[in-house]
Every structure is written in C-alpha cells, then in structure tokens.
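K.L.:
Chains as they are written, first to last, in the working numbering: chain Z, 1 to 465; chain Y, 466 to 710.
1) Quick one: what's got a C-beta closer than 6 Å to residue 89 of chain Z's C-beta in the same chain, skipping five residues either side?
2) DSSP state of residue 474 of chain Y, grouped into three classes?
3) When you compare the CB of residue 359 of chain Z with every CB in chain Y, is at least one pair closer than 8 Å?
4) Tell me the DSSP bridge mates of residue 259 of chain Z?
5) Run through chain Y and tell me which residues come within less than 8 Å of residue 395 of chain Z, C-beta to C-beta.
6) When burial is assigned at 16 or more other CB atoms within 10 Å of the CB, is residue 222 of chain Z buried or exposed?
7) Could you please tell me which residues of the region 577–594 of chain Y, in chain order, have their CB closer than 9 Å to any CB of chain Z?
8) Does the Cβ of residue 615 of chain Y have 16 or more other Cβ atoms within 10 Å, making it buried, or fewer, making it exposed?
9) In whole angstroms, what is the alpha-carbon distance linking residue 185 of chain Z and residue 162 of chain Z?
10) By DSSP's criteria, residue 504 of chain Y is part of a beta bridge. Which residues make up the other side?
11) Taking 8 Å as the CB-CB cut-off, is residue 364 of chain Z touching chain Y?
12) With residue 229 of chain Z as the anchor, note down where its alpha helix (DSSP H) starts and where it stops.
13) Going along the chain, which residues of its own chain have a beta-carbon closer than 6 Å to the beta-carbon of residue 466 of chain Z, five neighbours each way excluded?
14) Taking 8 Å as the CB-CB cut-off, is residue 139 of chain Z touching chain Y?
15) What residues in the region 624–650 of chain Y bring their beta carbon closer than 7 Å to a beta carbon of chain Z?
16) Would a check of beta-carbon distances place residue 567 of chain Y closer than 8 Å to chain Z?
17) The beta strand (DSSP E) that contains residue 522 of chain Y, what's its start and end?
18) Would you tell me roughly how many angstroms separate the C-alpha atoms of residue 466 of chain Z and residue 531 of chain Y, rounded to the nearest one?
19) Look up residue 607 of chain Y in the DSSP assignment and say whether it is helix, strand or coil.
20) How would you list, in chain order, the residues of chain Z whose beta-carbon sits under 9 Å from the beta-carbon of residue 472 of chain Y?
21) Residue 398 of chain Z touches chain Y at which residues, Cβ-Cβ below 9 Å?
22) Please name the residue or residues paired with residue 411 of chain Y in a DSSP beta bridge.
23) Distance, Cα to Cα, residue 519 of chain Y vs residue 200 of chain Z?
24) Going by DSSP in three states, residue 599 of chain Y sits in which element: helix, strand or coil?
25) Answer with buried or exposed for residue 681 of chain Y, where buried requires no fewer than 16 other C-beta atoms within 10 angstroms of its C-beta.
26) Would you say residue 482 of chain Y reaches chain Z, if we count a Cβ-Cβ gap shorter than 8 Å as a contact?
27) By a C-beta neighbour count over all protein chains shown, 10 Å radius and 16 as the cutoff for buried, is residue 244 of chain Z buried or exposed?
28) Can you confirm whether residue 165 of chain Z, when its beta carbon is compared against all beta carbons of chain Y, has any partner nearer than 8 Å?
29) Kindly list the residues whose CB is nearer than 6 Å to the CB of residue 439 of chain Z, restricted to its own chain and excluding five residues on each side of it in sequence; keep chain order.
30) List, in order along the chain, the chain Y residues whose C-beta lies closer than 7 Å to that of residue 144 of chain Z?
31) Residue 405 of chain Z lies in the alpha helix (DSSP H); which residues open and close that run?
32) List the DSSP bridge partners of residue 577 of chain Y.
33) Residue 560 of chain Y touches chain Z at which residues, Cβ-Cβ below 9 Å?
34) Assuming residue 385 of chain Z is part of the beta strand (DSSP E), what are its boundary residues?
35) Name the chain Y residues whose beta carbon is nearer than 8 Å to that of residue 207 of chain Z?
36) Assuming contact is defined by CB atoms lying nearer than 8 Å, are residue 623 of chain Y and residue 583 of chain Y in contact in what I supplied?
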C-alpha cells in the first residue's frame, strides 16, 4: 500500500469537508465516501495508526448513549477521544470521523469510540482491528432496511467470528440473542443485571428471541428484566445466560433517575428508564477493558448523564418540566410507558411519529406497543400527536379507547408549543419522538429559553456510596 | 350477537404488528354491541376451527414459519372444513404464503403449504419493501387501500383465486402483474401490513359482515364514525399517488 494514496485521500476528503462546511452543510459522509474511493484500504491505515485503541459499539438500542458515556469516561481519564457522536455509523460516516479526528503525528495518544451499524460492522472489523467490540441488545427495529431480526443477528455474529484474537468482545449477558452469537475462542466479557426493582415474572413482553438460537427449543426464564432480557436457559441444550463479569445489583428508582451497585460502587444515571442501566454497564465494562483508572470510574459512575434526547429531563423557557426521548421500536416505547406509569406528577404526552428513512418508513410497529396501559394512568389529560404519520398514531390511540384525550396538531414544534401552553400547573410533559424530529424539537426548546437539568444529584448519591 | 375470532399462532407469527388486525376487528365489533371472543390458537391447541367466525394469521420469521408450516399440516382437514363452511380467514404475508400450495426458497428448497389458496410462492433475492396503494372493489364500490409491504417471496396466482386489489403504487404479489392479495371464497390473503385494517375500515367491516352472514343473511352492520381512518387514508393516497405523478 502506497502511503501517497492514503495522504491524497485524506487531503481530498478534508478539502471537500471544508467546502461543505462553507456551504453550510454538515458533511458527515461524503468526505469519507470520496476518500474510500481514492484509497480503498483507508481504514486499515487508521487501524494501524490507532493501534489497539478503537472500540466498536453495536446493537439495536443504546448505541449512542453507551458510546457517549464511554467517551466521557475515557476523557475523564485524560485520553483524547474521537467519536462519531452525530450517529454517522455507516462506513462512510466512520471514515469521515477518522479523517477529521485522527492526527497521524500523535495518533498513538488517541482513542476512538465508534458507533457501528449492524450491517456495517462486518466490513470494518478486520481493517480497524478494534480493541473491544460491544454488543448492546437486539430488538426488532426498522425491518424495512434489513429484513427480519435473525438477519441482523447473523450479520453481527459473523462479524464477531472475524475479530482478531487481540479483541475483547463485550456482550449483554441478559439478552439471549446477543449471547447466542458469542464467538468461539475469543476473549469475552459479559455484563448484566443481577437484581432489580423492575424485575417481573411476566413473559408477555418477550417477542424477540423466544427460541434458542442453538437448537430451536423454547427458552425458559426464571426472571425478566424487560423485553427478552432476563435469566434464561434452554431446557434442551446447554445454552443459558452466562454469569456476568460485571453485574449491577439492587437497581432501583432514586431521585429523578436510577441507582445501582456494582460491587461496592454506587452508580447513578439521571434517567428513570431501566435500559439506561444496561448502557451504563456496557460503558463501564468497556472502560475496564481500556484500563481506565478506578478512582476516575468511581467518580464518573456517581453521576452519569444520558445522551441528548434519550430520556432527557429538560425545562421549557417558562420553567415547565419535561422529558424528551427517542422512540423507534416497540420495546423502547414500552419501557418509556413504564416510566410514565411510575411518574409521580400527572403527565401529558406529545408523540411525534415520522416515516422518513432515518425513522424507518414502516410505522406499523406502533401496533405492537402496549399503549393500552395508558388507560390506567390517572390524570392523563391529553395526548398530542404530530409528525408525518400523526394520524396513524391517532388511529392506534382510538383502538386503545384513548381517542377522547387525543389531539392532532400540525407541525412538530407547533405541537410541542401548544402542549406546553395548555399544560396544567403541576403537570409534566413527556415528548416521545422518532429520530428525525428529536433534535429539532430539542433545539427549539433551548432556543425558547429552555435549559438542561443540572447535575444536582451528584452529592446525594455519592454520599451513600 | 356473537363473533368468535381465532388468532392463529400469535406467538410465532408475530412479525410486523399484524396483531393490530385482531384488535381492530374486535373493537369494531364491540363498538356495535357484538359479543366478541378472541382465542389464541397455537401449537398444541387444536380446537375445531369451523366454530370460528373469523381466523386471523400474521407473518413470522423464517425459523418460526418453519414450525408453523409443520404444525399446519396437522390441521389441514380442520382448516379446510372452516374455509368450506364460510369462516372468514385473513392471512397476511407469511401466513398468506403458507395457505398456498408451496413456497420455494431461493436455494430451491420446496416447503409444502396447505393448498387452501390456489397460489404458489417463489423466493427471490430482491425484497419488495414500501408503502402500497391498492384499488379494491367491495359490493360494487371502489375503495383505495393503504398498506405496507415487506417481502422477498413472489406469489403467483392460479385460476381458482381472484386478485384482491389492483396495485396503484408498490409491488404487490409478484411485482410483475400489478395485483396484490387474493380471495378464494371466504379466504383472503395479502402481503399488506400497516396493519392492513388500520387505514381500511371498510375492509374490516366487510370481513365482519361476511362472517356474520354465514349465520344470518340479513346482517347489515351499522355505520361507525370513521372520519379519522378515512381522512388518513385520503391524505396518504394523495401523498403516495398524486404527489408523485
């Protein structure tokens, strides 16, 4: 491989990026695309430059939150970290991220946390030789893109088989779909939840991974965390939940978020959704693989903040409390519904349903949500629907006997404003949005004088640790 | 009046939210004061299917569909009796394929179906994915149907079935003949999700009426307020068909 090709590719990509930026565009993929065309083994060059300081994060839900927590941990440990935090997780986006972030002369001091799409990981794992690959979970999601879930699980599974022997594979022990693709003869570290206030013995939620992927048997569960995540084993073969290397215990609601113990350390995450505990565990596990200092990790764990728009607590300009969260599949949506049920204050809802490519063009998944549960929520006064498929959601609500409190509003931002204006005193607004409206709504709220909730819980929890 | 709905393999054929069709049929019948029961019927549970007014079947992943294909063979006579007796059967996607003569995978493997519908399906490489608009005639009235398809199987029709609708937008059965879905007697099969009945309430009512007329020919369902469903249907029709042409 001639290094002039690599240099030419990087130069071309950077020039394009500059032009795109001048014309007011983000340019998260085009520069990488061009560079890959000029230098097909561009990524292998970066794999060499970064040595073994790359981590991949993949899976259906939690990629962005996990990546961002991990970036925070590594930065607090004094490392220079590159990441594709804008979520450009296909090959061109990854290439663009590396071109922009890696400084060849001191690349030996840099690390990269890369969120990688499930269909892309197979193409980038060999050239980039990551130190660690982290798989969060698998749920049915956006089947318009990759077909059925088995296909997605297979894609990631075959990528894991290709990992270099120096790679550590970090897997969610509680998800049978994830552990079913544990590669042979590799370093594997598992994370999981041992005990939690949210556990249930109700299996109605298990929709994916009901069957053993090794032998086809019906998996038996003794405990469910959420979705198909829990304590499972196959009665007909030896497939079972592996013992997690890093486990959370005593997961519980605390203040406005969730607290849990890992060994003697108390972790706190400022979001009341249990799935964020998994994201935190995943990031903590990866940090230990990277040798982050214990005192840094303990301090970081005492207050973890979730990613923008992932069960994020905000205040509107008028000081009203609200929660903004991404929804994109039934499992995530149902977890949000549970949080709404546990909310101490009366709640109103805004649901933004779009069907643009990044949202998934098939919106029928809303019929798999347990939206009927909202019938039981006392004082739920109004559900506002907007987005390109607002009416689809309104129909879903009608068939859940919630049409009396449903209101259609044209325009995402207008809808949020209407909801805030009409929000009764003491009520809280939950905004559930598919991907393409999430950041626009967040930006709008902040432009109107809104603010993020500060880290006020840090003292109270670390005191108890 | 009673309406007995059987949901076939809800635990195995549960891809793409087709259970929505069961919710919709149930609710629309209840809103009219009918006494509705919904039974979940899966492996190991073999009630007489002719006792049901409506049977609904969704699609599943390949693995699950394999299990269902085997189990269905045991019910062959049972389902045939129901179909011959006028029980309305609505089968979506994978369920639709399984009611045909056979499914041939892209690797040449031939999985036998029940042969209740005169169709056969051949697996193809390319997936047919996206919104679908179809034109369907019910009792002499033309309706626009809105749904969503996501399949790689191409389904070809024999002489005993009629196409359910003409495709205005999308691929349909095979992507070749501009038809989508089939009807043979009281058995309906289609690739459309959405779920199918969500934005097409006229079809939901048609199925319920057909089922009830099995017992009482004079049944005429009272009109419900479907303004929301109809305006959504029209809005999407405009967006998907008129905007593009």
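For glycine and all other residues, C-beta sits at the position ideal for the given N, C-alpha and C.
P.N.:
Reading from the atomic positions:
1) 115, 116, 117
2) In the three-state reduction of the DSSP assignment, residue 474 of chain Y falls in the coil class, being assigned neither a helical nor a strand state.
3) no
4) Z:252, Z:268
5) 663, 664, 693, 694, 697
6) exposed
7) 592, 594
8) buried
9) 11 Å
10) Y:471
11) yes
12) For residue 229 of chain Z, there is no enclosing alpha helix (DSSP H); the enclosing beta strand (DSSP E) covers residues 229–233.
13) No answer is possible for residue 466 of chain Z: it lies beyond the span of chain Z, which begins at 1 and ends at 465.
14) no
15) none
16) no
17) 519–522
18) Since the displayed chain Z opens at 1 and closes at 465, residue 466 of chain Z lies outside it and no answer follows.
19) strand
20) The premise fails here: residue 472 of chain Y is roughly 13 Å from chain Z at the closest Cβ pair, so nothing lies under 9 Å.
21) 492, 693, 694
22) Absent from the model: residue 411 of chain Y. The displayed extent of chain Y is 466 to 710, so no value can be given.
23) 34 Å
24) strand
25) Counting the other CB atoms within 10 Å of its CB gives residue 681 of chain Y a total below 16, which places it among the exposed residues.
26) Interface residue, yes.
27) buried
28) no
29) Take residue 439 of chain Z, set aside five residues on each side of it, and no residue of its chain has a beta-carbon closer than 6 Å to its own.
30) Result: 594, 615.
31) Element bounds for residue 405 of chain Z: n/a, residue is neither H nor E.
32) Y:567
33) Those within 9 Å of residue 560 of chain Y in chain Z number zero; the least Cβ separation is about 15 Å.
34) 383–386
35) 479
36) yes
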